[in-house]
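*Asks:* The following block contains the structure, expressed as structure tokens.
Numbering (full-length UniProt numbering), first residue to last: 1 to 188.
Dropping the structure here:
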């Protein structure tokens, strides 16, 4: 068996360089002083349980606050989603009211006012990402963007192509608001 001078309970003296055993009564007294009592352990457990309960309550409260804030933000987003578009429409409304109040009888001035109103409406559409769905004559019917209202005889066009537009269609951020209502060429 090999000798280990660093083993617990043995101490080397400078003079002899031989291991010396410590006093066993001192060692047991130190170990008893280091060991906590049952009451102190129970008190520590109660303290840690209290801290855990406190942390759980704080986490639950934080989660509830986040959930409530998130719901409030969603409600505000729904409530004010149309705010930008509504602000754009105010100018259009003002122009239409001015046109109705015009008593001059000048048709050209009325036509110019309606043209200005349409320009403002188009600006509002551009600012709010409302785009017109293209429905050119002779183009293929796209069931995702066009609604065929009727079929007509059109010998000069291929069947299933657009002959005319009854109502323009529009998209909002590439989502169809209203499909373009079109007439299509009948199969011969």
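We treat Cβ as the ideally placed atom computed from N, Cα and C, and that holds for glycine. These numbers were taken from a predicted model, which means no experiment stands behind them.
1) Can you tell me whether DSSP reads residue 180 as helix, strand or coil?
2) Per the DSSP calculation, residue 165 is bridged to which residue(s)?
3) With residue 150 as the anchor, note down where its alpha helix (DSSP H) starts and where it stops.
4) Among 154, 110, 172 and 54, whose alpha-carbon lies nearest the alpha-carbon of residue 129?
5) Give the C-beta separation of residue 179 and residue 147 to the nearest angstrom, bearing in mind that I take them to be a contact with Cβ-Cβ under 8 Å.
6) Which word fits residue 114, buried or exposed, when buried means at least 16 other C-beta atoms lie within 10 angstroms of its C-beta?
7) What ranges does the alpha helix (DSSP H) occupy inside the region 71 to 114, keeping only unbroken runs of at least 4 residues that lie completely in it?
8) Helix, strand or coil for residue 156? Go by DSSP, reduced to three states.
9) Per DSSP, residue 132 forms a beta bridge with which residues?
10) Measuring CA to CA, which of 93, 174 and 134 is closest to residue 166?
11) Please report the distance separating the alpha-carbon of residue 39 from that of residue 47.
12) Can the beta-carbon of residue 132 be found closer than 7 Å to that of residue 84?
13) What residues in its chain sit with their C-beta under 7 Å from that of residue 140, if we drop five residues either side in the sequence?
14) Can you check whether the CB of residue 163 is closer than 7 Å to the CB of residue 187?
15) With distances taken from CA atoms, which of 81, 143 and 138 is nearest residue 158?
*Replies:* According to the structure data:
1) strand
2) 182
3) No alpha helix (DSSP H) contains residue 150, which is instead part of the beta strand (DSSP E) from 146 to 152.
4) 172
5) 4 Å
6) exposed
7) 83 to 101
8) coil
9) 170
10) 134
11) 12 Å
12) no
13) 160 and 161
14) no
15) 138
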